[in-house]
Each structure stands twice: as C-alpha cells, then as structure tokens.
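Notes follow once the structure below has been shown.
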C-alpha cells in the first residue's frame with residue numbers, strides 16, 4: 004500500500020517506521036495520542052475503491068491522518084465488502100500494535116457498519132465485531148466510528 008498525508012505528501016518509508024517517528028515527535032511536543040484505524044469503500048463502475056486511514060488524535064489538540072487508497076475489481080456482495088474493509092483495518096492495526104503498545108498509545112479499530120438493523124451494512128455487524136474483538140482490539144461502529152465513516156469516506 005502507498006501511504007500519504009492528507010495534504011498529498013507521500014510517505015516513502017514503511018508505515019510502521021512513519022507511525023513510530025510520528026508518535027515520538029508528537030509525544031516530545033507534549034501531546035497525548037490515540038490512534039484510530041478505519042476503512043471505507045465506494046463502488047465506482049466495475050471497481051471498488053477503498054481508503055484506509057490511520058487517524059492520530061491529539062488529546063484536546065485536534066488530529067491528522069495517514070491515508071492509503073487502492074482499487075479492486077467488482078464481484079463481491081455487500082457483506083463481503085464490509086468484512087474486507089474490516090480486514091484491511093485489522094491488518095494495519097496488527098502491524099502497528101507493537102509500536103503503539105511500546106509507546107502506550109490507545110488504539111481503536113473503526114468499522115463503517117451501522118448498528119441499526121434497518122441499514123444494509125448491518126448484515127456484517129456481528130462478524131466484524133467478532134473479528135475485531137477476537138484480535139484484541141477496541142471496536143467502534145457507526146455512529147462512533149468516525150475514522151471509517153467520516154475520515155476514510157472523505158478520501159475514498
């Protein structure tokens with residue numbers, strides 16, 4: 004995956020190294036951080052466009068994010084697409100959890116899945132929740148899952 008900042012600047016080093024350097028810098032500046040990871044997707048013609056974000060929240064000081072966009076060919080249903088989104092977020096969370104633990108940074112994995120059964124995305128709620136919680140991560144769904152439903156949605 005190719006990562007970039009919100010302003011478009013590419014992150015050329017491995018994402019683990021970029022995240023660690025960011026944590027060290029932000030902590031040295033006196034910020035207490037929380038990291039939220041989320042993925043969203045949009046169907047565009049015959050493709051599905053995905054965006055995964057790593058959101059760094061500074062306690063009472065705003066935040067910023069790293070972004071990765073990628074495409075996949077159409078051919079999966081809604082439930083599978085929701086689980087694929089969650090899988091991408093968990094993959095990144097798993098890659099970063101050692102670094103976040105090292106610096107005592109809280110981590111949440113956000114799923115763009117509605118908790119209201121009247122919405123279509125709800126079909127994947129139980130599977131997504133079980134997957135994320137089973138991996139040992141904190142799980143957030145809509146309306147609390149801003150990393151996926153707002154941040155990733157905006158750049159998707």
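In the numbering used here, the protein residues as written are 4 to 159. Even for Gly, the Cβ is constructed at its ideal location relative to N, Cα and C.
In this structure, the alpha-carbon of residue 113 lies about 20 Å from that of residue 121.
In the three-state DSSP reduction, residue 41 falls in the strand class (E or B). Following the DSSP letters along the chain, one finds residue 102 in no beta strand (DSSP E) but inside the alpha helix (DSSP H) bounded by residues 81 to 105. Cβ atoms of residue 127 and residue 86 come within 8 Å of each other, at about 6 Å. In the three-state reduction of the DSSP assignment, residue 74 falls in the strand class. Its chain contains 14, 18, 69, 71 as the residues whose beta carbon lies nearer than 6 Å to that of residue 6, once the 5 sequence neighbours on both sides are disregarded; these appear in chain order. For residue 55, the enclosing beta strand (DSSP E) begins and ends at 50 to 61. Within the same chain, Cβ atoms closer than 8 Å to the Cβ of residue 140 are found at 93, 96, 100, 110, 111, 112, the five residues on either side in sequence being excluded.
Here the alpha carbon of residue 46 sits roughly 8 Å from the alpha carbon of residue 77. For residue 148, the three-state secondary structure derived from DSSP is coil.
Following the DSSP letters along the chain, one finds residue 114 in no alpha helix (DSSP H) but inside the beta strand (DSSP E) bounded by residues 109 to 117. Per DSSP, reduced to three states, the secondary structure at residue 13 is strand. Burial state of residue 31 is exposed, judged by a 10 Å Cβ sphere holding fewer than 16 other Cβ atoms. Using a 10 angstroms sphere on the CB of residue 84, the tally of other CB atoms reaches 16 or more, which defines it as buried. Looking at the DSSP output, residue 142 shares a beta bridge with 112. Ranked by how close their Cα comes to the Cα of residue 107, the residues 158, 4, 27 have 27 in first place.
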